[in-house]
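Working notes, beginning with the structure itself.
Number of protein chains: 2
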Amino acid sequence: MSVLIEKLRGIVGAANVLTDGDLTAWEQDWRKRSRGKALAVVRPGNTQQVAEVVKACAEAGTAIVPQGGNTGLAVGSIPDDSGTQVLLSLQRMNTIRGIDAANLTVTVEAGCVLQTLQEAARNAGFLFPLSLAAEGSCTIGGNLATNAGGTQVVRYGNARDLCLGLEVVTPQGDIWEGTSGLRKDNTGYDLRDLIVGSEGTLGIITAATMKLYPLPAAQLTAWAAVPSLDHAVTLLGLAHKRLGAGLTGFEVMGKFALGLVAKHFPTLRVPFIDEEEVPYCVLLENSDNESEDHARARFEALLETAFEAGCVTDAVVAENLTQAHQLWHVRESIPLAQAEEGLNIKHDISIAVSRIPSFVAETDALLQREIPGVRLVNFGHLGDGNLHYNVQAPAGGDNRAFLREHEDRINTLVYDEVEKFEGSFSAEHGVGSLKVEKLEKHKSPVALAMMRAIKRGLDPQNILNPGRVIRPETAQ
Amino acid sequence: MSVLIEKLRGIVGAANVLTDGDLTAWEQDWRKRSRGKALAVVRPGNTQQVAEVVKACAEAGTAIVPQGGNTGLAVGSIPDDSGTQVLLSLQRMNTIRGIDAANLTVTVEAGCVLQTLQEAARNAGFLFPLSLAAEGSCTIGGNLATNAGGTQVVRYGNARDLCLGLEVVTPQGDIWEGTSGLRKDNTGYDLRDLIVGSEGTLGIITAATMKLYPLPAAQLTAWAAVPSLDHAVTLLGLAHKRLGAGLTGFEVMGKFALGLVAKHFPTLRVPFIDEEEVPYCVLLENSDNESEDHARARFEALLETAFEAGCVTDAVVAENLTQAHQLWHVRESIPLAQAEEGLNIKHDISIAVSRIPSFVAETDALLQREIPGVRLVNFGHLGDGNLHYNVQAPAGGDNRAFLREHEDRINTLVYDEVEKFEGSFSAEHGVGSLKVEKLEKHKSPVALAMMRAIKRGLDPQNILNPGRVIRPETAQ
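And the structure:
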């Protein structure tokens, strides 16, 4: 192995091949549920170096695990514990190569932190709309490799939808240069979208050309109490109709989830939390290309119609940016409040929007029947049909014991319901290593066979992030 | 072969296996440039039958050419002239399976005509935005197989962007059922987008779940004279900024192209055609979720700003729908006017929007220098960087002789310029059989190798639309 290490040092410089010292930042996953051991952490500084690293590893038959900000939630970007895999970190490749204002695009290297990209776009007068909790640490390469979602998907789509082109190093160490920024290009198979979301198993994204949007003239946030999930769905339809593409956020939050925020973060003001008859609240965001006055008038007209239709019982529109941030902060504090309350089981599921109310009613009842005392923390991006349908242990018991005893059963109950409702067991977090078996269980054999054929075709040596997303047939 | 024919008759019924009579509708391409000979035209009525037909053909080693409305422009959906290929027509599978209003989706079979789908959506209160010249005949399956573009791409994207899920018959005759209508689903590789745009070479699309949008409250059309292509690009940026997602159309038309319309269709009123200093006109469409008054006020404010900035010299906003249709009709008459003028060479290219003015200046000069007397018919979807940069023979000469002598040379000159500007030689029309060699010449060897690996992996028998899009290495 020392021959390979020497070769890698020759390619990226000795200082960028880490084998000793504390490698926790690269070897441990974001939620600290898993820890691997790398043969070496290799930090190339440009695309040519990535290609040479891959060639050297391919020659040695050594597997490569690509990593961006290491904020993934499915344990897909840390090495396994064999000590034989090279962890390839893209973090040094963080240059914004250029903004093309007339083309509304930015070309950026994979290791650029999402927030840095958002700010560069804003400074140039544009919006880069991808936005998610880890944006201060995650990288655009990781966002693309996992097809990240977040809070603006209802208007702008997932990371895939924001991407016009990629630069990719293949499992053979060749460079595919595809960052041209074209909005129409029908010259052969859609390699871009195949690589996006493949979690580093088909190629290593080294750079991307992403869409930009004009900065909206105003952005307003509202918080509405709704009498049921059904009414939340009706409100969503109204908001689409009235605001059109102005609807840039539509989040739903169950009362129990909001109660945890109020309990653990008492300084936060949670609207309508003390009102008896409010099972769900909705956070809406309206972006407007005209003016704040216009945005407010449109928002108020929408909410008035919603009141009259009975699908909103109370609502506030933030008076200013500070108030808007406070409302979003309440929404974003739910996962933290859950952690404060104790261990819990997270699900990241999606269902057709129209079927969400019946899915939740049926699954709530099922879980409460099967696992007495469970507490359901239900919130998410209703505009995209994406719920974080999480399960908290019963109050006052031994959380750890509860999880040990019930986690598998709860997951099975939830994912079987999701399959029954033709939903997805991983809406925005991906498969990584955590959900490889779920994929094998819930995906159709036809789709699995197609995925395996693609993996075999593009990476016959099975050298890129092996065992993640899809395993060869023989491994089952 | 009669064994296979008998088998096919058994699957779809004798009346739906055509071997005699006039098969021109299936064997000749839309622009009548090519004619093939099918072993049989097979018209299955449901997905199960498609799967059985594919299985029977695979067993016999017989190639299959899938076909929708047969309106493609790259000769990708007719059989070759060997008389050995089965032409599989999806036209009988034309059911709209259902509209899910709350999910904003429609699930539709591949053979449904685009206009039928548009109308069904409108009758349910929604917009299905895909719109293109052949919409009265083309089918949604063909639109997806070729990733069709059209006039609304600047806001709604290509056919791929409108698709949430597919039902596909694989080259092995298996059915992949993926029409769930989810907006977020990160469970493995993006098979959907790989099949979309693969022109029937990787799988046969039998049904799809497509996005719907709320019907806009008003839609206005304007026509503006601009002093140069540079100014058209500036106007596009202003329109994005002011109208946001309200900008649903942005077409550019050169003076010579508009002159052909005025010459051959004298009853059409072409605005500003007699003004000396108008090299280009732009057609803008503004869709508004509020009201016609609001749309008009926003449009007029935009055009006023554009006047002041000097990027528009004259403009009209259509007063009513009839006037709007007249303006669009002028734009859509350009290809017909070209045909009236005589034989011509068509290009469907895309370039980053920012580089279009320099591409056109350079390529215009090059062609006029190299092929004296050529006339350039330049128009297209500037909002997407997509030009139909067409070349008309010199006036008064022998068109046919001119084309025979110069067509290859002109194509080479244009496509080499496109490559120099990092553009695409096929923005929305695909590869089919006409551009297979162009793909091999202009696409990077790395991308070609990835495409070949995917084709080999998914269709090892090379049974689906062989020779189209990508040829096996050995065929070169």
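Heads up: the protein sequence lines correspond to chains Y and F, in order.
Per the working numbering, the first sequence starts with residue 46, numbered consecutively.
Per the working numbering, the second sequence starts with residue 46, numbered consecutively.
Even glycine gets a Cβ: it sits at the ideal position worked out from N, Cα and C.
Cutoff 7 Å: residue i Cβ touching any chain Y Cβ
{"i": "residue 145/F", "result": "yes"}
{"i": "residue 221/F", "result": "yes"}
{"i": "residue 196/F", "result": "no"}
{"i": "residue 331/F", "result": "no"}
{"i": "residue 259/F", "result": "yes"}
{"i": "residue 469/F", "result": "yes"}
{"i": "residue 243/F", "result": "yes"}
{"i": "residue 159/F", "result": "no"}
{"i": "residue 177/F", "result": "no"}
{"i": "residue 188/F", "result": "no"}
Cutoff 7 Å: residue i Cβ touching any chain F Cβ
{"i": "residue 522/Y", "result": "Any property of residue 522/Y remains undetermined from this structure, which presents chain Y solely from 46 to 521."}
{"i": "residue 473/Y", "result": "yes"}
{"i": "residue 140/Y", "result": "no"}
{"i": "residue 167/Y", "result": "no"}
{"i": "residue 232/Y", "result": "yes"}
{"i": "residue 256/Y", "result": "no"}
{"i": "residue 77/Y", "result": "no"}
{"i": "residue 226/Y", "result": "yes"}
{"i": "residue 238/Y", "result": "yes"}
Where residue i falls: helix, strand or coil (DSSP)
{"i": "residue 111/Y", "result": "strand"}
{"i": "residue 276/F", "result": "helix"}
{"i": "residue 500/Y", "result": "helix"}
{"i": "residue 142/Y", "result": "strand"}
{"i": "residue 425/Y", "result": "strand"}
{"i": "residue 217/F", "result": "coil"}
{"i": "residue 130/Y", "result": "strand"}
{"i": "residue 80/Y", "result": "strand"}
{"i": "residue 392/F", "result": "coil"}
{"i": "residue 474/Y", "result": "coil"}
{"i": "residue 195/F", "result": "strand"}
{"i": "residue 315/Y", "result": "coil"}
CB of residue i within 7 Å of CB of residue j, strictly
{"i": "residue 149/F", "j": "residue 257/F", "result": "yes"}
{"i": "residue 113/F", "j": "residue 181/F", "result": "no"}
{"i": "residue 244/Y", "j": "residue 184/Y", "result": "no"}
{"i": "residue 347/F", "j": "residue 420/F", "result": "no"}
{"i": "residue 305/Y", "j": "residue 386/Y", "result": "yes"}
{"i": "residue 229/Y", "j": "residue 395/F", "result": "yes"}
{"i": "residue 211/F", "j": "residue 226/F", "result": "no"}
{"i": "residue 131/F", "j": "residue 478/F", "result": "no"}
{"i": "residue 293/Y", "j": "residue 330/Y", "result": "yes"}
{"i": "residue 332/F", "j": "residue 261/F", "result": "yes"}
{"i": "residue 431/Y", "j": "residue 422/Y", "result": "no"}
{"i": "residue 474/F", "j": "residue 118/F", "result": "yes"}
Per-residue burial, residue i [other beta carbons within 10 Å of its own, 16 or more giving buried]
{"i": "residue 312/Y", "result": "exposed"}
{"i": "residue 116/F", "result": "buried"}
{"i": "residue 106/Y", "result": "exposed"}
{"i": "residue 502/F", "result": "buried"}
{"i": "residue 69/F", "result": "exposed"}
{"i": "residue 367/Y", "result": "exposed"}
{"i": "residue 322/F", "result": "exposed"}
{"i": "residue 517/F", "result": "exposed"}
{"i": "residue 480/Y", "result": "buried"}
{"i": "residue 490/F", "result": "exposed"}
{"i": "residue 521/F", "result": "Confidence at residue 521/F is low in this model, with a pLDDT of 42, below 50, so its placement is unreliable and no value can be given for it."}
{"i": "residue 231/F", "result": "buried"}
{"i": "residue 285/Y", "result": "buried"}
{"i": "residue 77/F", "result": "exposed"}
Residue i Cβ short of 6 Å to the ligand SAH heavy atom set
{"i": "residue 281/Y", "result": "Questions concerning the ligand SAH fall outside what the structure shown contains, since it holds no ligand whatsoever."}
Handout entry: Contact residues within the segment 94-123 of chain Y, judged by C-beta distance below 7 Å to chain F
Key = From the segment 94-123 of chain Y, no residue has a Cβ closer than 7 Å to chain F.
Practice task
Please name the residues in the segment 479-497 of chain Y whose beta-carbon is closer than 9 Å to at least one beta-carbon of chain F, in chain order.
Solution key: Hits within the stretch, in order: 480, 483, 484, 487, 488, 489, 490, 491, 492, 493, 494, 495, 496, 497.
Handout entry: Residues of the segment 367-400 of chain F whose Cβ lies closer than 9 Å to any Cβ of chain Y, in chain order
Key = Here the close residues are 393, 395, 396, 397, 398, 399, 400.
Exercise for the section: Please name the residues in the segment 268-295 of chain Y whose beta-carbon is closer than 7 Å to at least one beta-carbon of chain C, in chain order. Expected result: Among the protein chains in the structure shown, which are Y and F, there is no chain C.
Problem - Residues of the segment 336-356 of chain F with Cβ closer than 8 Å to any Cβ of chain Y, in chain order - result: Cβ contacts with chain Y: 343.
Handout entry: Under 7 Å (Cβ pairs) to chain F, residues found in the segment 410-444 of chain Y
Key = Answer in chain order: 429, 430, 431.
Handout entry: the segment 498-510 of chain F: positions lying closer than 7 Å to chain Y by Cβ
Key = Answer in chain order: 498, 499, 501, 502, 503.
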